[in-house]
Amino acid sequence: MRLDAFVSKTLHVTRKEAKRLIEHPGVYVNGQRITRTQTLIDEHHDAVVFRDQPLHYQAQHDYLYHKPKGVVVAHRDGQHPTIFDDLNHTRLPATLNALGRLDKDTTGLLILSTDGAFIHQLMHGKHTLGKTYDVTLNTPFTESVKLLEPMTLIDGKGKPYQVKTPTLHHVEGAQVRLTIYEGKTHQIKKMFHALGYEVLELHRHAIGSLCLPTTLHPGELRPLSEAEKTQLLLEATT
Ligand code: URA
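Residues in the sequence shown are numbered from 43 upward in steps of one, following our numbering.
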């Protein structure tokens with residue numbers, strides 16, 4: 043593995059940041075300072091040290107998952123099948139966690155990962171990643187102006203909070219596509235409910251710039267590519 047890729051993976055920084063750290067304050071491989079970022083190292087056997095701390099490589103698994111209807115985003119649920127029950131037929135690492143939640147009846151893009159630091163950075167990075175949803179309402183939507191006005195909702199603990207202004211992409215009859223910038227429980231349903239609408243169908247189309255591939259059917263998953271992971275990190279942290 044290239045040294046910059048190793049540093050990026052173990053310190054959970056972008057490739058660009060890893061290159062900067064290799065230049066300054068520097069990284070040591072088997073006791074020797076290495077400044078060439080493309081240097082190939084053996085990630086399992088070479089001793090890599092950064093700021094006097096050994097860096098240990100652990101392969102991580104990240105996936106894009108098309109959540110189907112009727113399963114809850116949890117490891118266990120007394121009542122309903124979970125996404126992990128749904129995925130049981132595939133061999134997956136036991137330490138897989140979901141990035142955020144979707145309601146039981148919501149479909150669409152979910153990111154699953156064994157990489158706790160990656161999930162943390164996406165959830166609590168400098169920038170909140172926008173989540174784009176396709177919403178089907180009970181009746182044609184005519185309140186675009188009000189949707190973009192300041193709105194106060196009540197969170198799961200009964201506390202009022204000011205909604206960050208969403209981005210409205212398009213409205214066609216009862217179909218609305220919008221991006222929200224916070225992940226509070228039932229956020230979309232509450233927003234439309236506050237305007238007098240009922241959400242009949244909710245589908246997550248994208249997280250940041252990452253769209254659910256049209257070839258990924260409900261219940262299917264595919265690995266997140268290195269480029270997709272880096273791009274999401276970049277959007278959340280820089
Ligand atoms: N907003 C909701 O109301 N439900 C979801 O599952 C996601 C966003």
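A virtual CB, placed ideally from N, CA and C, is assigned to each residue, including glycine.
Go ahead and label residue i buried or exposed: buried means 16 or more other beta carbons lie within 10 angstroms of its beta carbon, across all protein chains shown.
i, result
"His212", "exposed"
"Tyr203", "exposed"
"Leu359", "It is not possible to answer for residue 359, since the shown part of the chain is limited to 43 through 280."
"Asp157", "buried"
"Arg246", "buried"
"Lys58", "exposed"
"Ala278", "buried"
"Gln121", "exposed"
"Thr52", "buried"
"Gln229", "buried"
"Lys173", "buried"
"Ala140", "buried"
"Pro255", "exposed"
"Thr79", "buried"
"Asp94", "exposed"
"Ala101", "exposed"
"Pro182", "exposed"
"Ala47", "buried"
"Ala136", "exposed"
Are there any heavy atoms of the ligand URA lying less than 7 Å away from the beta-carbon of residue i, as far as the coordinates show?
i, result
"Thr148", "yes"
"Asp145", "yes"
"His228", "yes"
"Leu189", "no"
"Lys231", "yes"
"Tyr254", "In the sequence under discussion, the amino acid at residue 254 is Leu, which differs from the Tyr named in the question. Answer for Leu254: no, Cβ out of range of the ligand URA."
"Leu154", "no"
"Leu244", "yes"
Output the distance between the C-alpha atoms of residue i and residue j, rounded to the nearest integer angstrom.
i, j, result
"Ala89", "Ile64", "15 Å"
"Asp84", "Met43", "6 Å"
"His98", "Gly200", "43 Å"
"Leu164", "Gly225", "12 Å"
"Lys271", "Leu151", "14 Å"
"Thr280", "His259", "32 Å"
"Gln74", "Leu154", "37 Å"
"His86", "Gly261", "34 Å"
"Leu195", "Val205", "7 Å"
"Pro96", "Val69", "10 Å"
"Phe126", "Gly142", "15 Å"
"Thr227", "Arg62", "39 Å"
"Thr81", "Pro67", "17 Å"
"Val91", "Thr257", "42 Å"
"His162", "Leu275", "10 Å"
"Leu220", "Lys109", "19 Å"
"Val71", "Thr56", "20 Å"
"Asp128", "Leu244", "19 Å"
"Thr184", "Leu45", "54 Å"
"Val49", "Gln273", "17 Å"
"Leu210", "Ile222", "9 Å"
"Thr178", "Glu240", "9 Å"
"Leu237", "Asn180", "12 Å"
The segment 128-146 contacting the segment 108-115, beta-carbon criterion three pairs below 8 Å: Result yes; three or more Cβ-Cβ pairs closer than 8 Å.
Sufficient close CB pairs (3 or more, under 8 Å) joining the segment 189-201 to the segment 232-239: Counting Cβ pairs under 8 Å, three or more are found: they touch.
Cβ contact check for the segment 87-107 and the segment 256-268: 3 or more pairs under 8 Å: The segment 87-107 vs the segment 256-268: in contact.
Three CB pairs or more closer than 8 Å across the segment 212-226 and the segment 125-134: Taking a contact to require three or more Cβ pairs closer than 8 Å, the segment 212-226 and the segment 125-134 do not qualify as touching.
Segment contact flag, the segment 245-261 with the segment 166-179, C-beta cutoff 8 Å, min 3 pairs: Contact between the segment 245-261 and the segment 166-179 is present: 3 or more CB-CB pairs across the two stretches fall below 8 Å.
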